[in-house]
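Colleague:
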Amino acid sequence: MSASKVWGVAMVLQSMRLPYPGLLACRFILGVCEGSITSGFLMVTSMFYTKNEQSSRVGYWFLMNGTAQIISNLMGYGSLYFKSSLLAPWQWFTLINGVLTFVTAFAFYLYFPDSISTAHFLTEEEKRIATERVREHETNAESKEWKLEQFKEALHDPKTWLFASFSLFNNIPTSIGIQRSLIVESLGFTRLQTTLLGTLDGVIEIITIYTGVKLVESFGYSRAYVGSSYMISDVLSAILVTTLPWSNKVGLLISVYLTDIGTTGYVLGLGWVTSSTAGHTKRSTTQAIMLSAYCIGNLIGPHMWQEKYKPRNRVPWFILLLVIRRRLENENHRRDSLAEEETEHFAVAETV
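In our numbering, each number is its position in the sequence shown, counted from 1, plus 548.
And the structure:
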């Protein structure tokens, strides 16, 4: 939780009238701190829950992002009414968020357990049972020793790079979400209306992640299928955004919000990589590579959505569709090859 406390301090400093180098330094620190949050939560989840439970638990804590979006946009809406010569509305908003982040981080530091053995809300017998149940599933709740052989194994495991590729390509369009307020405002909404409409992102994220998790819990070995089905909305959004007439503001607005549904696929992927990787070092290495790919995708994205492609952005949308098509084509070839191998393996049995 040290990163969260630094995060809060950096946000408070960002709310001040800093020169550009100081503001850039704050943004850099915010990025460093944010980078540790998801990976830390994934590691804690793997310590306390079995493989079968991890995907759903990741989904449950990730849908709090949606809750935060609702609260954040309501706070932003309120801050726009602040009339002060001391601070601008955005500075009030950043200052309040920074203080809340620091207070929350301090509370986590005091009450959030580092492992099962330090969980103050469990009795000694409950700690023993909790440790045994995760050990049976090879999640290794207590061992945090860094092992070179597991690190090498993670680098040579094709699964690591499949998850990394998924994370990279899935997050190239993320800049749309980051700049969503500008996109919505360009459709003719006022700044206040745009801020309130931002709460819909949180509502959609909560509903879709929750339903996605419930589907995975209801149908065994279904994470890939459920995640893929939720990401169809991204393709549909790309088609609608590039084909609907500019006069159809409602349709364009709906197509933008469709991208929120695809978040569920990525969240299920995070839970999947955690539950399908054994060993503390290998798991943390795989997670680090996947989340690094997430960052690279976010770096690439803004360079695709350039001013010259506005307002339709047909060129970047077309590139994304080609990437998705190629990715699915490779996956189909891989599955066809596996099916052929299984057919050859069981050929004698089928003949008999």
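Even for Gly, the Cβ is constructed at its ideal location relative to N, Cα and C.
Would you verify that the beta carbon of Lys707 is, or is not, closer than 9 Å to some beta carbon of chain C?
Modeller: Among the protein chains of the structure shown there is no chain C, as only one such chain exists.
Colleague: In this structure, does DSSP put Met564 in helix, strand or coil?
Modeller: Within the sequence shown, the letter at position 16 stands for residue 564. Coil, per DSSP.
Colleague: What residue range is occupied by the uninterrupted alpha helix (DSSP H) comprising Thr743?
Modeller: Counting from 1 along the sequence shown, the entry for residue 743 is found at position 195. Looking at the DSSP string, the run of the alpha helix (DSSP H) that includes Thr743 is Arg739 to Ser766.
Colleague: Where Leu800 and Arg681 are concerned, what is the direct C-alpha to C-alpha distance, given to the nearest angstrom?
Modeller: As a working note, residue 800 is residue 252 in the sequence shown. As a working note, residue 681 is residue 133 in the sequence shown. Approximately 49 Å, taken between the alpha carbons.
Colleague: Do the CB positions of Asp749 and Asp808 come within less than 9 Å of each other?
Modeller: Reading the sequence shown from its first residue, position 201 is the one you call residue 749. Reading the sequence shown from its first residue, position 260 is the one you call residue 808. Yes, the pair counts as a contact, with Cβ atoms nearer than the cut-off.
Colleague: Could you please give the first and the last residue of the uninterrupted alpha helix (DSSP H) stretch that includes Trp820?
Modeller: Position 272 of the sequence shown, counted from the start, is the residue given in the question as residue 820. Note, Trp820: alpha helix (DSSP H), Thr811 to Ser823.
Colleague: For Met559, does the count of other Cβ atoms within 10 angstroms reach 16, so buried, or fall short, so exposed?
Modeller: Here residue 559 corresponds to residue number 11 of the sequence shown, with the count starting at 1. Burial call: buried.
Colleague: I'd like the span of the alpha helix (DSSP H) that includes Lys700, first residue to last.
Modeller: On the sequence shown, residue 700 is found 152 positions in, with the first residue counted as 1. Lys700 -> alpha helix (DSSP H) spans Leu696 to His704.
Colleague: Look at the alpha carbon of Met591 and the alpha carbon of Gly736, and state the distance between them as a whole number of angstroms.
Modeller: The residue given as residue 591 occupies position 43 in the sequence shown. The residue given as residue 736 occupies position 188 in the sequence shown. For Met591 and Gly736, the distance between alpha carbons rounds to 43 Å.
Colleague: If we count the other Cβ atoms within 10 Å of its Cβ and call it buried at 16 or more, is Thr899 buried or exposed?
Modeller: For the purposes of this step, residue 899 is taken as the residue at position 351 of the sequence shown. Residue placement at Thr899 is flagged as unreliable, the pLDDT there being 39, under the threshold of 50; the coordinate-derived value follows with that caveat. So Thr899 ends up on the exposed side.
Colleague: Nearest by alpha-carbon distance to Trp865: which of Trp640, Asn718 and Gly614 is it?
Modeller: Against the sequence shown, residue 865 aligns to sequence position 317. The option with the nearest alpha carbon to Trp865 is Asn718.
Colleague: Are the CB atoms of Ser832 and Ser603 within a distance shorter than 9 Å?
Modeller: Here residue 603 refers to the residue found at position 55 of the sequence shown. Here residue 832 refers to the residue found at position 284 of the sequence shown. No, the pair does not count as a contact, with Cβ atoms beyond the cut-off.
Colleague: In the DSSP assignment, the alpha helix (DSSP H) including Asn645 goes from what residue to what residue?
Modeller: As a position in the sequence shown, residue 645 is number 97, starting the count at 1. Unbroken alpha helix (DSSP H) run through Asn645: Pro637 to Tyr659.
Colleague: Thinking just about the alpha-carbon of each residue, which of Val557, Asn880 and Pro721 is nearest to the one in Ser785?
Modeller: In the sequence shown, counting from the first residue as 1, residue 785 sits at position 237. Closest by alpha carbon: Pro721.
Colleague: If you draw a straight line from the alpha carbon of Ala551 to that of Ala836, how long is it in whole angstroms?
Modeller: Sequence index remark: in the sequence shown, residue 551 carries index 3 (1-based). Sequence index remark: in the sequence shown, residue 836 carries index 288 (1-based). Between Ala551 and Ala836, the C-alpha separation is close to 16 Å.
Colleague: Could you tell me whether the region 790-806 touches the region 819-832, using the rule of 3 or more Cβ pairs below 8 Å?
Modeller: no
Colleague: Quick one: Cα of Arg882 to Cα of Gly768, how far?
Modeller: Here the question's residue 882 lines up with position 334 in the sequence shown. Here the question's residue 768 lines up with position 220 in the sequence shown. Their backbone Cα atoms lie some 22 Å apart in a straight line.
Colleague: With H, G and I counted as helix, E and B as strand and the rest as coil, what does DSSP make of Leu784?
Modeller: Position 236 of the sequence shown holds residue 784. Helix, per DSSP.
Colleague: Determine contact between the region 652-665 and the region 629-644, defined as no fewer than three beta-carbon pairs at a distance below 8 Å.
Modeller: no
Colleague: Does the distance from the C-beta atom of Leu816 to that of Ser803 stay below 9 Å?
Modeller: The count along the sequence shown starts at 1 and reaches residue 816 at position 268. The count along the sequence shown starts at 1 and reaches residue 803 at position 255. Leu816 places its beta carbon 9 Å or farther from that of Ser803.
Colleague: Between the region 741-761 and the region 607-622, can you find at least three pairs of beta-carbon atoms closer than 8 Å?
Modeller: Taking 8 Å as the limit for Cβ pairs, the verdict is that the region 741-761 does touch the region 607-622.
Colleague: What is the residue span of the alpha helix (DSSP H) that Asn621 lies within?
Modeller: Translated into positions along the sequence shown, residue 621 becomes position 73. Its alpha helix (DSSP H) spans residues Met612 to Ser627.
Colleague: Determine the direct distance from the alpha carbon of Met779 to that of Leu740, and round the result to whole angstroms.
Modeller: Along the sequence shown, one-based indexing puts residue 740 at 192. Along the sequence shown, one-based indexing puts residue 779 at 231. In a straight line, the C-alpha of Leu740 is about 30 Å away from that of Met779.
Colleague: Let me know the secondary structure DSSP gives Thr598 once reduced to three states.
Modeller: Counting from one through the sequence shown, the residue named residue 598 turns up at place 50. Here Thr598 sits in coil by DSSP.
Colleague: Give every residue of the same chain whose Cβ lies closer than 6 Å to the Cβ of Trp694, excluding the five residues on either side of it in the sequence, and list them in chain order.
Modeller: The sequence position of residue 694 within the sequence shown is 146, counting from 1. Contacts found: Thr829.
Colleague: Determine, using beta carbons only, whether Phe711 and Ala841 come nearer to each other than 9 Å.
Modeller: Working through the sequence shown from its first residue, we reach residue 711 at position 163. Working through the sequence shown from its first residue, we reach residue 841 at position 293. Yes; because the gap between Cβ atoms is below 9 Å, this pair is in contact.
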